[in-house]
Amino acid sequence: MDSKKWVVCLGGSDSKIPIIQAVQDRGMRCAVVDHDSDSPAKRYADLFLNISIFDSVAIIDALKQANILHATAFVFAYTSLQEGQLSASRLTKGLNIPINLKESWLENSWNKIAFKRFCSATGITTPAFTESLQGGGTHMFLERYGKAVCKPIEGGVGSKSVFFVDMLNDEQVIDNSCFLEQYIDGDLYSYNGIAIKEEVPFSLVLRKYTRTDGKNIAGFSSRVDRKLGARIINQCKVAALSMHLRDTFFHFDILVRDGVSYFIDFGLLLDCRVNELLLYGGFNAYGYILDEVLNLPTIEHVRYTKNETETAIAFVYPIQEGRLRSLPTSLSTVLPGCSAYIWKKEGDFVKVEGTVEDEIGYVVGRDVDWSKVKNVAGMLEEEIIIEPV
1 MDSKKWVVCL
11 GGSDSKIPII
21 QAVQDRGMRC
31 AVVDHDSDSP
41 AKRYADLFLN
51 ISIFDSVAII
61 DALKQANILH
71 ATAFVFAYTS
81 LQEGQLSASR
91 LTKGLNIPIN
101 LKESWLENSW
111 NKIAFKRFCS
121 ATGITTPAFT
131 ESLQGGGTHM
141 FLERYGKAVC
151 KPIEGGVGSK
161 SVFFVDMLND
171 EQVIDNSCFL
181 EQYIDGDLYS
191 YNGIAIKEEV
201 PFSLVLRKYT
211 RTDGKNIAGF
221 SSRVDRKLGA
231 RIINQCKVAA
241 LSMHLRDTFF
251 HFDILVRDGV
261 SYFIDFGLLL
271 DCRVNELLLY
281 GGFNAYGYIL
291 DEVLNLPTIE
301 HVRYTKNETE
311 TAIAFVYPIQ
321 EGRLRSLPTS
331 LSTVLPGCSA
341 YIWKKEGDFV
351 KVEGTVEDEI
361 GYVVGRDVDW
371 SKVKNVAGML
381 EEEIIIEPV
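Note that our numbering numbers the sequence shown so that position 59 is 59, with each residue one more than the last.
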């Protein structure tokens with residue numbers, strides 16, 4: 001591989017280190033972009049650009065000054081921030097390299113009504129919904145469906161709390177930035193895929209668990225019925241091809257009830273922490289997409305088999321708002337076959353708002369039942385001491 005090829009990584013958090021390693025393992029160099037001059041990934045980067053990831057013009061200018069503009073082969077924007085994804089889309093256009101985040105895809109990812117309309121237009125089953133929350137619209141919707149889920153129109157569901165609505169609390173729905181979706185009681189699944197040149201060579205279906213209030217993601221398990229998993233994979237591939245996705249990660253949330261699959265969400269990333277779950281199973285998704293998009297000799301082998309070895313991940317959340325005073329110390333011995341990771345630090349302020357940013361860490365394991373991993377996460381939550389502020 002030509003050692004002068006470069007890959008740009010937008011963001012310099014700890015989670016970007018596996019991206020840098022995947023790039024360097026392939027004989028390429030990685031330029032990390034972050035406004036924080038002390039970002040953790042800085043020390044791993046071949047070049048660090050102290051620029052906001054939202055400023056695509058400044059990034060292109062910096063690449064020109066570093067004489068690597070024409071050597072840049074790919075851009076990683078593994079971020080849930082809309083501005084970051086838009087910046088990556090504009091950056092790849094400016095660099096004339098594979099566009100892995102088209103703005104038309106971003107609309108379906110960030111505008112949930114646009115995604116609902118896409119589903120309706122392409123014959124994909126999705127729960128009923130309404131934007132008409134004024135003039136009795138909420139009341140009429142609830143009269144018809146009995147119970148609904150209130151969700152933000154813009155942004156990922158994980159970025160803002162959702163809540164349930166029925167005839168007893170319909171007065172809560174007063175914000176026009178939200179919409180109502182028919183509540184369907186079923187099993188939740190997460191489909192994760194990698195699209196390459198409008199094909200989908202990698203698929204993974206996970207059972208997705210949420211907390212009892214439905215706000216936080218409790219975790220994932222790879223134990224999925226084979227026939228159901230195959231059906232979900234086929235349905236999601238059809239949806240991805242209908243969007244003409246290429247050279248990108250993506251995921252769908254699927255609700256299954258009485259054999260019917262309802263598409264309820266879409267994003268241009270793997271689902272929350274699924275990349276870490278894959279890394280734990282020995283598969284670097286970042287390396288895989290580089291191999292496929294850039295036609296490199298394949299050095300990333302899929303050693304993670306979703307239905308042969310159960311892999312599960314459970315998230316650790318604060319039980320109250322405040323400042324972290326004490327964290328568990330013996331994380332490596334929490335349970336045979338499990339590992340625990342805590343990325344928050346003592347002194348950090350934590351909130352309980354039902355967002356992915358609330359996570360303190362996670363517990364991941366192989367050859368263990370989901371319930372055991374969940375119980376370990378619960379034990380760690382009890383050990384964490386939080387000082388109310």
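Glycine is no exception: its CB is placed at the ideal position from the N, C-alpha and C atoms. The model shown is predicted, which means the values in this text are computed figures rather than measured ones.
Item	Value
Segments assigned beta strand (DSSP E), at least 3 residues, entirely inside the segment 253 to 339	260 to 267, 311 to 316, 322 to 326
Closest by C-alpha distance to residue 383, when choosing among 337, 329, 336	329
Environment of residue 121 [buried if 16+ CB atoms lie within 10 Å]	exposed
Which residues DSSP lists as bridging residue 43, in chain order	Answer is none; residue 43 lacks a bridge partner.
Residue 166 versus 109, 150, 78, 132, residue with shortest Cα-Cα distance	150
For residue 379, three-class secondary structure by DSSP	helix
Cα-Cα separation between residue 114 and residue 104, rounded to whole angstroms	10 Å
Beta bridge counterpart(s) of residue 147 as assigned by DSSP	166
Cβ-based burial, residue 34 [other Cβ within 10 Å; buried from 16]	buried
Which residues DSSP lists as bridging residue 363, in chain order	314, 340
Cutoff 7 Å; reference residue 379; Cβ partners in own chain excluding five residues on either side	none
Inside the segment 181 to 246 only - beta strand (DSSP E) runs reaching at least 3 residues	187 to 196, 199 to 210, 217 to 221
Backbone secondary structure at residue 142 - three-state DSSP	helix
The alpha helix (DSSP H) enclosing residue 58, as first and last residue numbers	56 to 65
Distance between residue 179 and residue 131 (C-alpha atoms, nearest Å)	5 Å
Residue 72: first and last residue of the uninterrupted beta strand (DSSP E) it sits in	72 to 76
Per DSSP, cross-strand counterpart(s) of residue 30	7
Start and end residues, beta strand (DSSP E) containing residue 386	385 to 387
The segment 237 to 256 / the segment 189 to 199 touching (three or more Cβ pairs under 8 Å)	yes
Extent of the continuous alpha helix (DSSP H) run through residue 83	82 to 95
Contacts around residue 381, its chain only, beta-carbon distance under 7 Å, and the 5 residues preceding and following it disregarded	316, 317, 319
Cα-Cα separation between residue 282 and residue 90, rounded to whole angstroms	33 Å
Close Cβ partners of residue 268 (< 8 Å) along its chain, the five nearest in sequence each way excluded	85, 101, 105, 106, 109, 248, 249, 250
Three-state secondary structure assigned by DSSP to residue 111	strand
Nearest-angstrom Cα separation, counted from residue 71 out to residue 357	35 Å
Residue 159 in three-state terms, based on DSSP	Note that residue 159 scores 45 on pLDDT, short of 50, meaning its location in the model is unreliable; the coordinates nonetheless yield the value given after this. Three-state DSSP puts residue 159 in a helix.
Nearest candidate by alpha-carbon position, reference residue 272, set 17, 78, 292	78
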